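Protein sequence lines correspond, in order, to chains A and B. Following our numbering, the numbering of the first sequence begins with 2 at its first residue and continues without gaps. Following our numbering, the numbering of the second sequence begins with 151 at its first residue and continues without gaps. Just so it is clear, CB atoms sit at the ideal spot from N, CA and C, and this is done for glycine as well. In this text, all values refer to a predicted model and were calculated from it rather than measured experimentally.
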Amino acid sequence: MPLTPVLTKRFGTNAPWQIENYLKLDGYAGLKKAFAMQPDEIIALIKESNLRGRGGAGFPTGMKWQFIPQNDGKPHYVVINADEGEPGTCRDLPLMMNDPHSMIEGIIIACYAVRANHAFVYIRGEAVHAIRRVTQAVNEAYAKGYLGDNVLGSGVRFDITVHGGAGAYICGEETALLDSLEGKRGQPRLKPPFPATNGLYDAPTVVNNVGTLCSVPYIVLGGAAWHKDMGPEGSPGTSIYSLSGRVKNPGQYEAPMGTTLRELLELAGGMSRGKELKFWTPGGSSTPLFTAEHLDVPLDFDSVAKAGSMNGTSAVMIFDEEDSVVQAVLKWTQFYEHESCGKCTPCREGNYWTAQILERIWHGEGTPADLDTLLDLCDNILGRSFCALGDGATSPISSSIKYFRGEYEALIAAAAHNEPALTGASA
Amino acid sequence: MTLIDIERPGNPDVFAAEVRTAAEQIIARYPAGQSRSALLPMLHLVQSEQGYVSADGIAFCADVLDITKAQVAAVATFYTMYKRKPTGEYLVSVCTNTLCGLLGGDEIYRTLSELLGVGMNETTADGTITLEHAECLAACDYAPVVTVNYEFFDNQSAESAVGLVTELKDGRRPLPTRGAPLCSFKEISRQIAGFVDDRPEAATATATGAQTEAGVKLAQQRHDQAPGYPVEHEKKPASEAHAEQVAADNTGAAEPTSAHDAPLKTSASDPDADSTQGELFGKGE
Numbered sequence: 002m003p004l005t006p007v008l009t010k011r012f013g014t015n016a017p018w019q020i021e022n023y024l025k026l027d028g029y030a031g032l033k034k035a036f037a038m039q040p041d042e043i044i045a046l047i048k049e050s051n052l053r054g055r056g057g058a059g060f061p062t063g064m065k066w067q068f069i070p071q072n073d074g075k076p077h078y079v080v081i082n083a084d085e086g087e088p089g090t091c092r093d094l095p096l097m098m099n100d101p102h103s104m105i106e107g108i109i110i111a112c113y114a115v116r117a118n119h120a121f122v123y124i125r126g127e128a129v130h131a132i133r134r135v136t137q138a139v140n141e142a143y144a145k146g147y148l149g150d151n152v153l154g155s156g157v158r159f160d161i162t163v164h165g166g167a168g169a170y171i172c173g174e175e176t177a178l179l180d181s182l183e184g185k186r187g188q189p190r191l192k193p194p195f196p197a198t199n200g201l202y203d204a205p206t207v208v209n210n211v212g213t214l215c216s217v218p219y220i221v222l223g224g225a226a227w228h229k230d231m232g233p234e235g236s237p238g239t240s241i242y243s244l245s246g247r248v249k250n251p252g253q254y255e256a257p258m259g260t261t262l263r264e265l266l267e268l269a270g271g272m273s274r275g276k277e278l279k280f281w282t283p284g285g286s287s288t289p290l291f292t293a294e295h296l297d298v299p300l301d302f303d304s305v306a307k308a309g310s311m312n313g314t315s316a317v318m319i320f321d322e323e324d325s326v327v328q329a330v331l332k333w334t335q336f337y338e339h340e341s342c343g344k345c346t347p348c349r350e351g352n353y354w355t356a357q358i359l360e361r362i363w364h365g366e367g368t369p370a371d372l373d374t375l376l377d378l379c380d381n382i383l384g385r386s387f388c389a390l391g392d393g394a395t396s397p398i399s400s401s402i403k404y405f406r407g408e409y410e411a412l413i414a415a416a417a418h419n420e421p422a423l424t425g426a427s428a
Numbered sequence: 151m152t153l154i155d156i157e158r159p160g161n162p163d164v165f166a167a168e169v170r171t172a173a174e175q176i177i178a179r180y181p182a183g184q185s186r187s188a189l190l191p192m193l194h195l196v197q198s199e200q201g202y203v204s205a206d207g208i209a210f211c212a213d214v215l216d217i218t219k220a221q222v223a224a225v226a227t228f229y230t231m232y233k234r235k236p237t238g239e240y241l242v243s244v245c246t247n248t249l250c251g252l253l254g255g256d257e258i259y260r261t262l263s264e265l266l267g268v269g270m271n272e273t274t275a276d277g278t279i280t281l282e283h284a285e286c287l288a289a290c291d292y293a294p295v296v297t298v299n300y301e302f303f304d305n306q307s308a309e310s311a312v313g314l315v316t317e318l319k320d321g322r323r324p325l326p327t328r329g330a331p332l333c334s335f336k337e338i339s340r341q342i343a344g345f346v347d348d349r350p351e352a353a354t355a356t357a358t359g360a361q362t363e364a365g366v367k368l369a370q371q372r373h374d375q376a377p378g379y380p381v382e383h384e385k386k387p388a389s390e391a392h393a394e395q396v397a398a399d400n401t402g403a404a405e406p407t408s409a410h411d412a413p414l415k416t417s418a419s420d421p422d423a424d425s426t427q428g429e430l431f432g433k434g435e
């Protein structure tokens with residue numbers, strides 16, 4: 002499988018975040034081409050390309066844009082979900098820090114297509130360098146006439162507001178993000194109604210991920226057929242695989258959707274310390290764990306789902322035989338316990354309980370009933386809250402028990418576990 | 151520590167007129183009638199004045215936005231980045247989530263905690279460093295990561311992290327691996343409020359590294375590339391045939407001449423195509 006840098010092609014070039022350099026490398030050519038089309042033609046093109054949201058859920062982007070009611074007399078908004086914080090996910094920050102203009106170009110095209118005049122980029126507050134870079138790029142775009150009044154002679158005004166968050170993983174959930182952007186606690190809304198009709202300020206709103214919007218200018222330039230030429234029919238295009246953990250050369254590898262871990266490991270020089278692969282996530286901590294038996298699963302939305310997990314954000318965290326799956330799952334669970342917004346009881350209380358049980362198992366105080374209790378709790382969290390945070394929290398627990406039950410049982414059976422010092426939420 | 155002090159309800163007037171002006175500038179970023187959207191940046195703003203969100207800061211936000219202090223406090227207590235007691239000059243955040251934790255983050259946090267004599271969200275007696283363990287900082291490919299005032303110090307070890315905080319305590323400001331040269335916690339809070347700095351060295355500060363470029367560098371070595379864009383013959387005059395050829399090969403691997411050269415040739419990086427680019431964007435320049 003070849004590497005296919007498209008979104009990452011400017012990484013490592015001379016100051017790609019500066020507009021002069023961006024313009025030398027195809028910059029804003031997609032926007033110019035888009036402005037020569039009708040907005041509905043762009044929506045049709047994105048639908049035809051079958052671009053699926055890179056934020057994790059894989060929802061078809063063109064369909065999302067088409068849901069925006071037209072001629073309704075209301076303002077429309079485009080909101081960019083740049084609240085990257087899912088454990089393992091480290092793709093959007095490099096994109097924004099190195100190539101902010103490709104996102105801005107995608108935003109303006111999206112605004113034009115759904116007939117919005119104002120977009121908001123919600124960047125997680127900790128990502129200061131991304132906030133800095135995107136703000137500077139937005140200022141450059143205003144100075145060069147890509148934002149502001151009468152963009153490129155279109156007669157239309159476009160504005161982008163950069164908005165820094167304040168440290169809450171839940172704000173990556175689109176309705177929690179909208180509440181946060183409205184100056185409230187970041188808690189999810191009950192759906193329906195969906196943001197497409199009742200989003201920001203109760204107006205029709207498109208919420209797209211950074212990687213999704215960065216893909217848009219290239220699809221406009223290359224066309225739907227070009228995009229579908231890469232990857233499988235059901236989830237075409239490139240995917241930026243973010244490899245981390247026990248791998249020799251971790252980093253961002255852009256390849257066609259459907260590349261396997263076996264191929265990715267080969268590209269990245271193999272395992273880092275000569276140990277065997279034990280478990281890994283195909284798309285972040287909320288996606289059920291895979292093991293060595295899944296090395297040949299094509300990593301695209303449909304194939305990963307078929308194999309029992311989720312493609313998510315293609316954040317591939319790799320662990321080897323010396324890593325404890327119980328410890329890994331405990332830490333992820335403590336993360337979800339900390340980040341649950343508290344709105345829904347199953348998620349708020351359930352994650353509090355699962356974390357406690359995992360803590361006692363890890364500390365050598367588990368009981369034989371604990372595994373069944375854990376699975377029962379997962380049953381009562383999954384699908385029983387407003388948003389997917391609770392669902393995601395159960396993924397590492399239930400999948401690890403499925404594949405590594407023996408490791409849990411051994412810990413429970415051991416009379417006294419040699420207690421390792423933990424830091425993090427348990428400290 | 152409670153945010154709303156019943157004995158002392160907070161005084162919005164402790165902030166200078168300039169802060170109120172800055173708050174108005176934040177409000178102006180949002181559509182008319184949607185001033186509450188300014189609340190999160192405004193909480194960063196009051197934090198930039200006092201080093202934490204105090205009862206005064208809450209009263210100030212409530213006053214400016216004409217909402218209740220309870221509404222402001224509900225928001226201020228929800229988000230991790232709003233600190234409830236004075237923060238040191240530098241906030242040192244150690245990622246102890248699963249991946250960083252297993253690769254050394256736990257050891258880094260323990261070591262720093264012992265060295266500095268402080269625990270979670272505590273500040274050294276000299277007011278230099280506040281320590282915290284953080285959740286995933288979205289830099290897993292650079293694990294284990296530490297941030298200082300949210301600028302990245304990648305691929306840390308307990309030893310390198312000790313060196314880092316020792317320098318900070320000695321009044322020096324080591325350069326981040328990715329991110330701008332360090333400023334104070336109050337200054338960075340003001341940037342997060344949307345007043346990004348105009349230091350030239352901040353604008354040009356590096357944001358890349360071996361991991362970020364791992365895929366593109368390897369693609370160059372392997373001569374891998376994405377398919378070229380289809381050529382649109384009917385729309386272009388024959389004189390641009392060469393530019394078309396290059397456009398069709400837009401993501402083709404170029405000969406890298408230095409680390410800062412374009413790794414991949416694009417239509418626009420070709421001199422012939424550049425002239426087209428000039429035409430296209432004459433208006434915007």
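When the Cα atoms are used, P196 (chain A) and N210 (chain A) turn out to be separated by approximately 14 Å.
For E294 (chain A), the number of other beta carbons within 10 angstroms of its own is below 16, and it is reported as exposed.
For T288 (chain A), there are no C-beta contacts with chain B under 8 Å, since the nearest C-beta of that chain is about 13 Å from it. Annotation: the continuous beta strand (DSSP E) that includes E301 (chain B) extends over 301-303. CA-CA distance, S307 (chain B) to V296 (chain B), rounds to 9 Å. Taking the Cβ atoms as the reference, P61 (chain A) lies roughly 7 Å from N51 (chain A), within the contact range of under 8 Å.
Listed along chain B is no residue with a C-beta nearer than 9 Å to that of K279 (chain A); the closest approach is about 12 Å.
The beta carbon of A177 (chain A) is closer than 6 Å to those of I171, G187, Q188, P189 in its chain, skipping five residues each way along the sequence. Interface annotation, I279 (chain B): not in contact with chain A, CB-CB separation never under 8 Å. When only Cα atoms are considered, L193 (chain B) and L314 (chain B) end up about 29 Å apart.
For C215 (chain A), DSSP assigns no beta-bridge partner whatsoever. With fewer than 16 other CB atoms across the displayed protein chains lying within 10 angstroms of its CB, R322 (chain B) is exposed. In the displayed model, V381 (chain B) falls within coil according to three-state DSSP, outside both helix and strand. Around the CB of D163 (chain B), fewer than 16 other CB atoms lie within 10 Å, so the residue is classed as exposed.
One finds P88, K332, F336 in chain A with Cβ atoms closer than 7 Å to the Cβ of N247 (chain B), taken in chain order. Of all residues in the stretch 337-349 of chain B, the ones placed with a Cβ closer than 8 Å to any Cβ belonging to chain A are I338, Q341, I342, A343, G344, V346, D347, in chain order. Taking CB atoms only, K367 (chain B) has a neighbour in chain A less than 8 Å away. L300 (chain A) is not a Cβ neighbour of G31 (chain A), given a cutoff of 8 Å.
Under a criterion of Cβ atoms nearer than 9 Å, no residue of chain A is adjacent to Y240 (chain B); the nearest Cβ is some 13 Å distant.
Around the C-beta of E264 (chain B), fewer than 16 other C-beta atoms lie within 10 Å, and the residue is accordingly described as exposed.
Under the DSSP assignment, V268 (chain B) falls outside any beta strand (DSSP E); it carries neither an H nor an E label. Sequence-distant partners of G393 (chain A) (beyond 5 residues in either direction) whose C-beta falls short of 6 Å from its own C-beta, in its chain, are S287. E264 (chain A) sits away from I241 (chain A), with the two beta carbons spaced by 8 Å or more. Flagged as an interface residue toward chain B: V7 (chain A), by a C-beta distance shorter than 8 Å.
Beta-bridge annotation (DSSP): A35 (chain A) is not paired with any residue. A Cβ-Cβ contact shorter than 8 Å links V122 (chain A) with I81 (chain A). Proximity to A226 (chain A) across B:T273, B:C250, B:Y379, B:R372 peaks at B:Y379, based on C-alpha coordinates.
Collapsing the DSSP output to three states places K65 (chain A) in a helix. Taking the beta carbon of A169 (chain A) as reference, the chain B residues within 9 Å of it are F228, Y229, T230, M231, listed in sequence order. I124 (chain A) sits away from A167 (chain A), with the two beta carbons spaced by 8 Å or more. Here the alpha carbon of M272 (chain A) sits roughly 21 Å from the alpha carbon of Q371 (chain B). Residue pairing from DSSP places I279 (chain B) in a beta bridge opposite B:Y240. The Cβ atoms of I43 (chain A) and I108 (chain A) lie no closer than 8 Å to each other. Cβ-Cβ distances below 6 Å link S243 (chain B) to E282, A284, T297 in the same chain, with the five nearest sequence neighbours on each side left out; the list follows chain order.
DSSP places V79 (chain A) outside any alpha helix (DSSP H); the residue lies instead in the beta strand (DSSP E), whose first and last residues are 78-83. Taking a C-beta cut-off of 8 Å against chain B, the contacting residues of the stretch 137-149 of chain A are Q137, K145, G146, Y147, listed in chain order.
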